[in-house]
Amino acid sequence: MNSVILEAKHIYKQFYDPVKFDVLKDINFQVKAGEFVSVIGKSGCGKSTLLYILSTMDTDYQGELYVDEQKMTGLKEKELAAVRNEKIGFVFQFHYLLNEFTVLENILLPARKLAKKPEAALKDRAHFLLKTLDISKLAEKNPRQLSGGEKQRVAIARAMINEPAIIMGDEPTGNLDKRNSEIVFSTFQQLAQEFNQSLLIVTHDPEFAERTNRIIEMEDGRIIRQ
Amino acid sequence: MSKPLILKIAYALLMARWKQTLVAAIGVTFSITMFITLLSFMTGLNKLLDGLVINRTPHVRLFNEIRPDSIQPVQKAAEYQSYYHIIHSVKSGNSRQEIYNSGAIMQRITQDPRVLGIAPKITSQVFFNEGNLEITGVVYGVDVEAESRLFFFTDYVVKGQASDLKNVANSIILGKGLADKLLADIGDVVQLTTSSGEQFRLKVVGHFQSGLQELDKTQSFASLTTVQKIMGKPNSYVTDIQVKLNDINQAPKMAKEFNKVFEIDAEDIQTANSQFETGTSVRNIISYAVGITLLVVAGFGIYNILNMMIYEKMDSIAILKATGFSGKDVNRIFIMIALGIGIFGGLTGLLMGYLLSSLIDQIPFNTAALPTVTTYPINYNPVYYFIGSAFSLITTYLAGYFPAKKASRVDPVVIIRGK
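Protein chains in written order, with this note's numbering: chain A, 1 to 226; chain B, 227 to 645.
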């Protein structure tokens, strides 16, 4: 139960625009299976930058990154895409659902890309997730018809579809009102408790952070508390 | 990697902007339609015009040219071998137009597997007498059956029966222009004088129209035996052997071969009618150029629409990449969109092209010069349809290539963080 899902070793990153500036300095931490971790810090402290490095989408850094004990640093774009597809689920501040597809199809998209299970099994999984997140009735709707909170829950279902090793969130409640934030948070909590899902959520909302298992606090590109 | 998923996403994106997609597809459709119609019509006309000459022209013609010997006696003399020869006043030595040993030559050529058939011919210059007028003309002695089979003789006989030339003794088919001059209708008798001064009376059994008016004013046809008779020659007398080959492109090579083997003048159709081939290829090049230009313009339309689509769908591209689609997958999606437009537009274009050309095919086109033609000629060559579809795919692929590359390079971090 205590296997390491995500590990960062001595991660550094610089921005060069307009002048050289160290965004991240010697970041070291681990996320173990089943942990619900939040990353907090003032705006500009590098927490989002860190998240995108951890997500494998940003490859311009020094140091080493391991996802599910597999080294990410130095992998090719295509290999990283495959890792993201299978091991990482994303929830962003904005929902990023495709309006061309129904809710169900949006959720199925990463699973169809992975294509490891037959279509019927994938649909079962999608319906199961919809039910768990209490949005079964939205399955055949178009994302345009959904409220903000509903959209974010659909995005969470999409993140969960491939049973990822970890779910990463970048201010997933940032755009939501109090009530919807609460729903999204409890959804995360439910995932952590029911499915023992590892979660790494970047947030600036201290209330949100307080309720997670573990808080990583950042300041000026360094981790000051974890 | 699941192909259907990529296709599905491409289709969804296409349908999301179906109006623009339709406009782009119409561009392709229009250009393919014009490409097919233009080429079918152009080559139809080309074929018709070439047919005027090529149908009636042997692929290889064997004859005896009247000309000076290429080797003069002085060149054979051993003692003057190393001298430079200057000979004045050289005269043509060979005065006989007859092909020597024509029977054996014809037999030998007929057995050649490359040869479709042969038609012997006699050319004789005559004067037609109309009252006190003398009109110069040519009577060709032909083998009606071979001539009809190989050179479509019957098609050009506009009045009367070609076969009567064989069935009616001492009969003649006059060129349309000549018949007008002589006021000779079918059943009338015309009188002609041969170059040796003898007079003959021949019965008109038909009118001939080649489409080349100058020729129709002078030429006329009779059977081989009739011409042999008026010229006072034996029935082995033949001045031309017309050879039609299975493959017209073999003509120059075979002409050389015949020239060597039979020691006779041999002229191939390419040499005799080079100007026709030039005209044909120039017209073809123009048609292709116009068609391809249209396609390129349509290609730019597709390029624009795809570029716009990429800007609009930046978010979708970003999330696809974030959830595990590689740059290559995104690239494929946009290539599929481009090809989708190409295939849809191209197929419709082929169909429209076919319809438009068959419509042109129905338009009446009557001209005195072309007796066998009643509507505009169209060449339904499947090759043009093949080229059209290939081009539509190639141009749309190229039009999609750069936008797709751009889409594949979209950095999801930039898009997602930019919100």
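Think of the CB as a built atom: it goes at the ideal place given N, C-alpha and C, for glycine as much as any other residue.
- request: Return the residues of the region 31 to 64 of chain A that lie within a Cβ-Cβ distance of less than 8 Å from chain B, sorted by chain order.
  value: S48, Y52, S55, M57 and D58
request  = Kindly say whether A:Y8, judged by its beta-carbon, lies nearer than 8 Å to any beta-carbon of chain B.
outcome  = Against the first sequence, residue 8 of chain A aligns to sequence position 8. Looking at the sequence itself, residue 8 of chain A is Ala, so the reference to Tyr does not match. By this cut-off, A:A8 is not an interface position.
Is it buried or exposed for A:D177, if we count other Cβ within 10 angstroms and need 16 for buried?
To locate residue 177 of chain A, count along the first sequence from 1; it is residue 177. Classification for A:D177: exposed.
Worksheet entry | Bounding residues of the alpha helix (DSSP H) (the contiguous stretch that carries A:P206) | What you label residue 206 of chain A is simply residue 206 of the first sequence in a count that begins at 1. Segment P206 to E210, the alpha helix (DSSP H) holding A:P206.
Quick one: what's got a C-beta closer than 6 Å to A:R144's C-beta in the same chain, skipping five residues either side?
-> By one-based count along the first sequence, residue 144 of chain A stands at place 144. The answer, listed in chain order, is N99.
| task | Pick out whichever of A:E140, A:I215 and A:A82 has its Cα sitting closest to the Cα of A:K113. | result | Residue 113 of chain A sits at position 113 when you count from the first residue of the first sequence. That would be A:A82, whose Cα lies nearest to the Cα of A:K113.
Could you compute how far the alpha carbon of B:R293 sits from the alpha carbon of B:K317? Counted from its first residue, the second sequence places residue 293 of chain B at position 67. Counted from its first residue, the second sequence places residue 317 of chain B at position 91. Approximately 8 Å between the Cα atoms of the pair.
Please decide whether A:P110 counts as near chain B, where near means a Cβ-Cβ distance under 8 Å. As a first step, residue 110 of chain A must be located in the first sequence, where it is residue number 110. Answer yes: the Cβ-Cβ gap between A:P110 and chain B drops below 8 Å somewhere.
Nearest to B:I495 (by Cα), restricted to the options B:N281, B:I456, B:S446 and B:F256:
By 1-based counting over the second sequence, the position of residue 495 of chain B is 269. Nearest C-alpha to B:I495: B:N281.
Margin query: Quick check: the Cα distance between B:T506 and B:S500, rounded to an integer number of angstroms?
Written below: In the second sequence, the residue the question calls residue 506 of chain B occupies position 280. In the second sequence, the residue the question calls residue 500 of chain B occupies position 274. Cα to Cα, the separation comes out at about 10 Å.
Give the DSSP bridge partners of A:P118, in chain order. Position 118 of the first sequence holds residue 118 of chain A. Beta-bridge pairing links A:P118 to no other residue.
Worksheet entry | Contact set between B:I643 and chain A, taken where Cβ atoms lie within less than 9 Å | Your numbering for residue 643 of chain B matches position 417 in the second sequence. Note that residue 643 of chain B is Arg in the sequence shown, not Ile. Going along chain A in sequence order, the residues near B:R643 (Cβ under 9 Å) are S48, T49, Y52 and D170.
**Report entry** Contact list for A:Y16 against chain B, beta-carbon separation under 9 Å
**Finding:** In the first sequence, the residue the question calls residue 16 of chain A occupies position 16. None at all; the shortest Cβ gap to chain B is about 15 Å.
In terms of alpha-carbon separation, which member of B:L275, B:F261, B:T269 and B:F628 lies closest to B:M535? Locating residue 535 of chain B in the second sequence gives position 309, where the first residue counts as 1. Nearest C-alpha to B:M535: B:F628.
With a threshold of 8 Å between beta-carbons, can A:F101 be considered close to chain B, or not?
In the first sequence, the residue the question calls residue 101 of chain A occupies position 101. Chain B, which has a Cβ nearer than 8 Å to the Cβ of A:F101, makes this yes.
Subject >> Contact set between A:A126 and chain B, taken where Cβ atoms lie within less than 7 Å >> reply: Residue mapping note: residue 126 of chain A aligns to position 126 of the first sequence, counting from 1. Chain B residues near A:A126: none, gap ~14 Å exceeds 7 Å.
Review point. From this set, B:K234, B:A250 and B:S583, which residue's C-alpha is nearest B:E564's C-alpha?
Key: In the second sequence, counting from the first residue as 1, residue 564 of chain B sits at position 338. With the sequence shown as reference, residue 564 of chain B is identified as Ala, and Glu is not the correct amino acid for it. Here the closest residue by C-alpha is B:A250.
* To do: Check the Cβ-Cβ distances between A:R153 and every residue of chain B, and say whether any is below 8 Å.
  => Within the first sequence, the letter at position 153 stands for residue 153 of chain A. False, the Cβ-Cβ gap to chain B never drops below 8 Å.
Open item on the list: I need the straight-line Cα distance from B:I586 to B:F434, nearest angstrom please.
Closed with: The sequence position of residue 586 of chain B within the second sequence is 360, counting from 1. The sequence position of residue 434 of chain B within the second sequence is 208, counting from 1. Near 28 Å, if we compare the C-alpha coordinates of B:F434 and B:I586.
*Whose C-alpha, out of B:L573, B:P608, B:L359 and B:V636, is nearest the C-alpha of B:Q417?*
The residue you call residue 417 of chain B lines up with position 191 of the second sequence. Residue B:L359 is the option with its Cα nearest to B:Q417.
- [ ] Locate the alpha helix (DSSP H) running through B:Q454, then write down its first and last residues.
- [x] In the second sequence, residue 454 of chain B corresponds to position 228, counting from 1. Taken as a continuous stretch (DSSP letters only), the alpha helix (DSSP H) holding B:Q454 covers L450 to M457.
Please say whether A:N142 and B:T549 have beta carbons closer to each other than 8 Å? The sequence position of residue 549 of chain B within the second sequence is 323, counting from 1. The sequence position of residue 142 of chain A within the first sequence is 142, counting from 1. No.
- Message: Between A:A165 and A:I5, how many whole angstroms is the CB-CB distance? I'm expecting something under 8 Å.
- Response: The sequence position of residue 165 of chain A within the first sequence is 165, counting from 1. The sequence position of residue 5 of chain A within the first sequence is 5, counting from 1. The pair is a contact, with the Cβ atoms about 5 Å apart (cut-off 8 Å).
Within the 8 Å Cβ cut-off, does A:N85 reach chain B?
-> In the first sequence, counting from the first residue as 1, residue 85 of chain A sits at position 85. Closer than 8 Å to some Cβ of chain B, the Cβ of A:N85 qualifies, so yes.
Which residue or residues does DSSP assign as beta-bridge partners of A:M168? By 1-based counting over the first sequence, the position of residue 168 of chain A is 168. A:F90 and A:L200.
Cα-Cα separation between A:E182 and A:F188, rounded to whole angstroms
Translated into positions along the first sequence, residue 182 of chain A becomes position 182. Translated into positions along the first sequence, residue 188 of chain A becomes position 188. Straight-line Cα distance between these residues: approximately 10 Å.
* **Spatial neighbours of A:G148 in its chain, beta-carbon cut-off 7 Å, leaving aside the 5 residues before and after** => By one-based count along the first sequence, residue 148 of chain A stands at place 148. Here the set comprises N175, L176 and N180.
Suppose contacts are defined by Cβ-Cβ distances below 8 Å. Is A:Q226 in contact with A:F101 by that definition?
Position 226 of the first sequence, counting from 1, holds the residue named residue 226 of chain A. Position 101 of the first sequence, counting from 1, holds the residue named residue 101 of chain A. Against a cut-off of 8 Å, the Cβ pair of A:F101 and A:Q226 comes out as no contact.
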